[in-house]
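If you read the sequences in order, they're chains A and B.
Residue numbers for the first sequence follow the numbering used here, beginning at 3 and rising by one.
Residue numbers for the second sequence follow the numbering used here, beginning at 22 and rising by one.
Everything below concerns the one structure shown next.
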Amino acid sequence: MKPAPFDYVRPGSLGEALQALAGHPEAKVLAGGQSLVPLLSMRLAAPAVLVDINGLPDLDHVRADADGVRIGALARHAQVLRDPDVARVQPLVPLALADVAHATIRNRGTTVGSLVHADAAAEMPMVLRLLDGSVDVVGPQGRRTIAADDLYVGPLESSLHHDEIAVEAFFPALAGGSGVAFEEIARRHGDYAMCGVAAVVAVEDGRVVSARAGYLSVSDVPAVVDLTEALDGETTPAALARAADAALAVLEPETDIHATADYRAHLARVLTARVVTAAHQHARQHARQEQS
Amino acid sequence: MSAKLVGAKVQRVEDDRFVRGNGRYVDDVAPDALHAAVLRSPHAHARILSIDVDAVLDLDGVHAVWTHEDLEGAMAEPLPLLIPHPTLTHGRTQYALAKDEVNHVGEAIAFVVATDRYVAEDALARIVVDYELLPAVVGIEAARAADLLVHEDVPGNVAATTEQSNGDAPAAIAAAPHRLALDLQIERSACMPMEGRGVVARWDPDQGRLQVWSSTQTSTGVRAAVAAKLGLDLGQVDVITPDVGGGFGVKIVHPWPEELLVPLAAQRLGRAVKFTEDRREHFISSAHERAQVHHVEVGFDDDGRVLGLDVRFWHDHGAYTPYGLIVPIITSTQLLGPYKPGAYRVRFDSLYTNTVIVTPYRGAGRPQGCFVMERTMDAIAAELGMDRAEVRAANFIQPDEFPYDHGLIFQDGRELEYDSGDYPAMLEKIKELVDWDGFPAFREQQAALGKRVGLGLACYVEGTGVGPYEGAHVHIETSGKVKVATGLTTQGQGHQTAFAQIVADELGVRFEDVEITTGDTRRMPYAVGTFASRAAVMSGSAIHLAAKRTKEKALRIAADALEADVEDLEIVDGVVSVKGTESSIPLGTIAVLSNPLRYAFDEASKAATQFNVGDPDKPPVAEDDEPGLEGKDFYSPPRSTFASGMHAVIVETDVDTAEIRILKYAVVHDCGHLINPMIVEGQIHGGVAQGVGGALYERMAYDESGQLLNASFMDFLMPYVTEVPTSIEIDHLETPSPLNPLGIKGAGEAGVIPGSAAFAAAIEDAERAVSPTFGITAMPISPSELFALRAAHVPHAQEPK
């Protein structure tokens with residue numbers, strides 16, 4: 003389990019990093035390395051060059067303001083998770099981050115790195131899509147913003163170009179009268195979930211006026227389903243069952259060694275009900291707080 | 022007198038260095054060594070048509086690349102079949118490097134030595150092997166069908182068919198008022214020590230000696246194998262086992278191909294050579310265990326007494342049988358647990374498959390046997406509407422029936438004769454510990470909250486401390502320090518603590534003054550190894566006997582020096598004194614006196630020089646005496662000693678998600694006299710964790726082509742600390758063994774044995790409350806499988822509330 007030979011560069015500026023990437027069609031960016039390094043060690047990936055961006059200045063920021071949360075490419079999951087402003091502005095981010103692997107992995111792994119790794123079993127890509135967030139990337143043509151909906155194009159495939167570096171992610175703030183919830187079920191604590199669901203629910207006068215749910219591990223790309231119509235304003239058992247039906251019509255759970263497709267679908271159903279209910283509660287609570 | 026240490030919760034002396042990262046493992050030895058890597062078969066079954074290594078030769082840093090063609094003499098022959106058995110008529114073992122054919126993914130094909138492991142792996146990538154693919158035999162069903170063969174010359178894929186019986190079980194079943202048949206199965210798991218296999222070798226051309234460090238459970242076994250295969254005298258080979266990061270059985274197998282190839286490379290290249298196994302290699306090229314399919318027929322009376330028990334089972338042995346039939350023999354005999362069926366017959370087929378070899382993993386066939394017997398007991402209880410504990414009690418061997426002879430032959434070739442135990446008392450203890458009688462009320466209370474809970478119980482008996490022998494050497498130095506050597510190895514059990522407790526008590530020296538060396542053939546060349554929960558029983562007893570001999574000599578010399586009778590002497594904190602007087606002499610001084618000297622080298626040694634000591638009319642060393650304050654002894658019991666235990670577990674099975682939560686785990690354990698209760702409890706904790714793994718998480722996921730789909734810690738689910746019970750309630754029972762001087766029995770494997778049986782019972786119990794036909798016949802079980810089982814028994818029960 004030793005990587006095949008590769009060249010290693012550790013640029014001191016973003017410009018140098020972009021140059022290094024541009025110079026090698028088989029170069030890979032190394033940030034936290036929590037997905038890349040195991041792939042290298044198992045020789046499942048053999049890039050000619052590793053461009054280590056850990057020496058780049060000014061990329062480890064975590065900023066939260068009224069608009070939302072901005073996370074720099076070198077900010078570690080743990081740093082985002084413990085930021086009280088992040089939790090205040092967009093509580094879904096820490097709710098999901100707490101289930102990202104284990105503490106030691108969160109200490110090294112970067113949130114932006116996880117986003118562009120584009121794993122449909124990972125928490126943060128789904129959360130980014132659910133919240134309509136975006137990722138800023140810099141390339142030879144300059145900086146551009148990729149909306150989450152345009153970022154995930156296939157299994158483990160993002161729309162980032164090879165010569166671009168993701169520099170910042172943006173998670174919009176929790177809107178007024180809205181609530182969020184997240185729950186996943188994994189074989190073991192910290193494993194990739196067999197199924198996970200997050201929801202954002204908005205209320206007016208206690209009634210659900212908008213509800214969307216994001217799903218982990220039951221589709222090829224991070225999946226988001228609008229449940230507003232199915233719920234028809236309520237979170238009664240019947241409404242929740244309709245919501246789950248609506249979600250399952252879209253999701254494509256598959257069987258693997260840990261769970262059958264049927265079981266994953268069942269979990270999606272159970273978790274949809276739990277998470278929508280919890281997000282609805284949170285929204286009402288949030289609305290009450292805003293009024294007082 | 023100092024307080025007795027045997028029986029006390031003495032802090033483990035090992036932990037300081039382990040916890041601080043100061044353990045010294047094989048990979049820490051010889052940092053300057055060349056590194057070896059092994060090309061392993063990517064196919065489960067194939068003929069090797071050709072191997073082209075040319076592309077490797079021009080890679081910088083490669084020192085050697087070998088295939089089977091490069092091996093000579095005994096090295097070119099198959100590896101030894103370690104434990105022959107009369108019924109193992111078709112035993113097969115692999116070659117150190119495959120010759121013509123590979124029989125599982127991971128089998129060694131070529132061996133590369135390079136400056137470092139990176140280059141060695143680069144070299145492997147350049148080797149081109151031309152394979153003719155053969156269809157693979159995967160799983161017991163395919164092996165039994167025998168449409169395809171693993172080994173062309175082994176008909177039916179059957180390595181062995183073995184039968185034992187006591188009484189006429191079929192007749193007893195036919196005549197019984199009640200009869201049941203069950204089909205039960207357990208899947209593959211594996212030991213998975215944190216440290217994989219590892220070996221380092223250094224050849225000293227000046228002395229013509231080979232030094233080998235191996236992460237093994239038997240340094241003497243490795244030594245004998247290396248000497249035999251390399252054509253060396255035993256006296257030319259030292260094998261040293263430093264700290265070992267866990268064994269759990271897999272490291273008792275020897276010699277692994279690398280354990281021979283690395284020494285051979287060291288000898289041929291004249292350089293230190295190292296092999297450090299990585300995790301993927303451990304998954305596909307070490308050993309697995311557990312997979313068996315069983316068919317049980319049982320006849321019983323109205324009280325649940327088993328009148329006849331007839332068990333037939335099929336053992337998945339993997340591609341080869343280097344460790345003989347130990348695992349299925351243990352299942353076939355230890356299945357009986359604490360019970361005495363009226364008549365018993367057991368037959369098993371050991372079957373070849375194109376998968377990793379199967380050799381003992383902690384518990385070694387007992388988890389399967391326990392699962393079979395305990396599922397049978399639960400089925401009898403359900404059939405008769407009886408309390409599950411009462412059915413067990415009705416079948417127990419009674420305390421006044423020991424020694425109890427089952428009329429079968431055990432894994433050591435000796436009678437299966439239980440030495441001691443008290444199963445009724447143990448049952449009372451476990452019922453109390455888990456609140457057996459209060460459980461119905463708890464179930465009702467939980468049901469009112471919408472929760473589903475269940476209680477399971479499993480009992481086992483474990484033959485421990487198997488022979489043939491272990492030895493010990495005790496040496497009191499002139500400093501008064503006590504150096505003890507025993508030949509078996511240690512892999513984290515706390516032997517250095519437990520053995521020092523025995524020595525300190527017997528010799529009357531301070532615990533801190535005792536130093537234990539294990540697994541070093543330079544210090545104790547006669548030994549067997551650490552397996553079968555035998556170290557405390559075997560080496561503990563040998564150390565006790567050797568310390569006793571040393572003490573006798575010390576007292577004899579002291580009696581002379583102090584001009585007193587031996588009976589009037591006592592040893593406290595390393596000082597011999599005449600009881601009730603000021604007259605005393607330290608053991609260090611006795612050590613000086615024990616060795617008559619011509620030359621002094623310090624103040625203390627002057628006392629032993631020729632003008633100072635000795636009766637001038639007698640030889641300085643008496644005729645039947647030896648110089649030095651030393652004692653050596655061996656312990657070799659007639660048969661195994663039988664420990665026992667009972668586990669009870671309460672689980673919640675999530676009504677909505679089918680997740681399985683452990684609410685309570687209780688253990689009653691009897692390993693005779695306890696040397697160190699804290700160490701025993703630690704062994705139980707670790708065993709229970711592995712039991713949880715085997716019951717709820719671990720399996721080897723082979724596909725039909727023989728590829729192992731989950732050969733990593735990402736997908737092979739060993740429980741984390743978050744998955745094992747936060748507390749394990751333990752109670753001890755001590756029925757001393759009459760077979761050894763300390764009255765002890767083994768404790769190493771016990772914790773894992775009843776895991777699958779207890780969890781299956783508890784989950785079934787939880788589900789039967791709502792679904793009376795629900796039954797568990799296969800383990801492990803995952804939430805996904807529980808979900809499927811629920812659906813099979815109660816359609817439409819899965820709608821969320």
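For each residue, glycine too, the CB sits at the ideal point set by N, CA and C.
Given that residue i touches chain A, what residues does it touch there, using C-beta distances under 7 angstroms?
i, result
"Asp677(B)", "Val272"
"Ala722(B)", "Ile259"
"Leu730(B)", "Ile259"
Quick one: does the C-beta of residue i sit closer than 7 angstroms to a heavy atom of the ligand ZN?
i, result
"Ala57(B)", "In the structure on display, the ligand ZN does not appear, and there are no ligands present to speak of."
Determine the burial state of residue i: buried for a count of at least 16 other Cβ atoms within 10 Å of its Cβ, exposed for fewer.
i, result
"Phe269(B)", "buried"
"Ala679(B)", "buried"
"Glu28(A)", "exposed"
"Asn178(B)", "buried"
"Glu820(B)", "Below a pLDDT of 50, predicted positions are generally treated as unreliable, and Glu820(B), at 47, falls in that range; the measurement from the model is reported next regardless. Exposed is the call here."
"Ala245(A)", "buried"
"Phe39(B)", "exposed"
"Gly459(B)", "exposed"
"Ala76(B)", "exposed"
"Gly111(A)", "buried"
"Ala68(A)", "exposed"
Could you work out which residues of chain B lie near residue i, taking near to mean beta carbons separated by less than 8 angstroms?
i, result
"Ile187(A)", "Thr678, Glu680 and Pro804"
"Leu158(A)", "Simply none; closest approach about 15 angstroms."
Whole-angstrom Cβ separation of residue i and residue j, contact assumed at under 8 angstroms?
i, j, result
"Thr342(B)", "Leu102(B)", "7 angstroms"
"Ala190(B)", "Tyr365(B)", "6 angstroms"
"Arg300(B)", "Phe734(B)", "7 angstroms"
"Thr485(B)", "Gly767(B)", "3 angstroms"
"Glu254(A)", "Asp222(A)", "7 angstroms"
"His315(B)", "Asp370(B)", "Not a contact, Cβ separation roughly 11 angstroms."
"Ala146(B)", "Val133(B)", "Between Val133(B) and Ala146(B) the Cβ distance is about 10 angstroms, and since that is not below 8 angstroms, they are no contact."
"Leu32(A)", "Ile55(A)", "7 angstroms"
"Ala6(A)", "Asp143(B)", "7 angstroms"
"Leu201(B)", "Glu404(B)", "6 angstroms"
"Ser726(B)", "Ala85(B)", "Incorrect: roughly 32 angstroms between the Cβ atoms, too far for contact."
"Ser805(B)", "Ala261(A)", "4 angstroms"
Kindly list, in the order they appear in chain A, the residues whose Cβ is closer than 8 angstroms to that of residue i.
i, result
"Thr136(B)", "Result: empty, since nearest Cβ-Cβ is about 12 angstroms, beyond 8 angstroms."
"Ala809(B)", "Thr262, Asp264 and Tyr265"
"Asp299(B)", "Met3"
Residue i touches chain B at which residues, Cβ-Cβ below 9 angstroms?
i, result
"Arg190(A)", "Tyr718, Leu738, Met739, Pro740, Tyr741, Thr743 and Glu744"
So which residues on chain A does residue i lean against when the C-beta distance must stay under 9 angstroms?
i, result
"Tyr139(B)", "Lys4, Pro5, Ala6 and Pro7"
"Arg473(B)", "Per Cβ cutoff of 9 angstroms: no residues; Arg473(B) is ~15 angstroms from chain A at best."
"Asp79(B)", "Residues of chain A passing the Cβ test: none, with the nearest at roughly 15 angstroms."
"Glu142(B)", "Met3, Lys4, Pro5, Ala6 and Arg45"
Cβ of residue i less than 8 angstroms from any chain C Cβ?
i, result
"Ile55(A)", "Among the chains of the structure shown, chain C does not appear; the protein chains present are A and B."
4-residue-minimum alpha helix (DSSP H) runs that sit fully inside the stretch 154–221 of chain B, ordered along the chain: 161–166 and 190–196
Sufficient close CB pairs (3 or more, under 8 angstroms) joining the stretch 156–166 of chain A to the stretch 84–94 of chain A: no
Three CB pairs or more closer than 8 angstroms across the stretch 513–524 of chain B and the stretch 559–573 of chain B: yes
Continuous beta strand (DSSP E) assignments of at least 3 residues falling wholly in the stretch 587–628 of chain B: 590–593, 596–599 and 605–607
Minimum length 3: unbroken beta strand (DSSP E) runs contained in the stretch 723–773 of chain B: 749–753
Inside the stretch 456–520 of chain B only - beta strand (DSSP E) runs reaching at least 3 residues: 474–485, 491–497 and 503–507
In chain order, each alpha helix (DSSP H) run of at least 4 residues that lies wholly inside the stretch 269–328 of chain B: 278–290 and 300–306
Segment contact, 8 angstroms Cβ cut-off, at least three pairs: the stretch 137–154 of chain B with the stretch 371–391 of chain B: no
Meets three-Cβ-pair contact criterion under 8 angstroms: the stretch 306–326 of chain B and the stretch 226–240 of chain B: no
Inside the stretch 364–408 of chain B only - beta strand (DSSP E) runs reaching at least 3 residues: 365–372
The stretch 280–288 of chain B touching the stretch 248–260 of chain B, judged by at least three CB pairs closer than 8 angstroms: yes
Segment contact flag, the stretch 275–294 of chain A with the stretch 235–242 of chain A, C-beta cutoff 8 angstroms, min 3 pairs: yes
Any 3 or more C-beta pairs closer than 8 angstroms across the stretch 765–781 of chain B and the stretch 689–699 of chain B: yes
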